[in-house]
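Notes follow once the structure below has been shown.
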Amino acid sequence: MTDWIDIGALDDIAPRGARVVKTVHGCVAVFRTGTGEVFALDNACPHKQGPLAEGIVHGKTVTCPLHNWVFSLETGEALGADEGRVATYPARIEAGRILLETSFLKARAA
76 MTDWIDIGAL DDIAPRGARV VKTVHGCVAV FRTGTGEVFA LDNACPHKQG PLAEGIVHGK
136 TVTCPLHNWV FSLETGEALG ADEGRVATYP ARIEAGRILL ETSFLKARAA
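Below is the structure:
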């Protein structure tokens with residue numbers, strides 16, 4: 076059985092915006108695309124730990140605000156010439172609420 080945690084209303088995140096969810100193992104960035112999809116990734120860019128939730132969301136990607144690395148919101152992979160990956164977490168929308176899967180959050184490395 077999969078457990079999901081309600082982290083807030085979809086309307087709490089503007090289209091092409093993000094919010095940070097603090098966990099005991101670090102912060103997770105929750106992104107909303109312009110089409111209303113949600114994605115969850117680690118909030119730290121693997122390059123220099125830039126706060127991805129402060130980046131620019133475009134399509135299904137986010138650009139790190141520090142050094143312009145671009146990451147897929149679907150896979151967490153760096154795109155273009157950059158190399159690296161950000162952990163992703165299952166997220167879904169149910170009745171206008173954003174839910175994150177708790178088993179993935181619990182499995183995060185400290």
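Here the sequence shown stands for residues 76 to 185, numbered as in our numbering.
We put the beta carbon where it would ideally sit given N, CA and C, even for glycine.
Computed from a predicted structure; not experimentally measured.
If only complete runs of 3 or more residues are kept, the region 97 to 143 shows the beta strand (DSSP E) at 101 to 107, 113 to 117, 131 to 133 and 136 to 138, in order along the chain.
The DSSP-derived three-state label of LEU85 is helix.
By alpha-carbon distance to ILE88, the top candidate from CYS102, ASP157, PHE114 and GLU149 is PHE114. If the five residues before and after GLU152 are omitted, its C-beta is found closer than 6 Å to the C-beta atoms of ARG160, all from its own chain and listed in chain order. Taking 8 Å as the cut-off, the Cβ atoms of TYR164 and LEU175 count as close. About 17 Å separates the beta carbon of ALA104 from that of ALA84, a gap too long to meet the 8 Å contact definition. When DSSP states are grouped into helix, strand and coil, THR177 belongs to the helix group.
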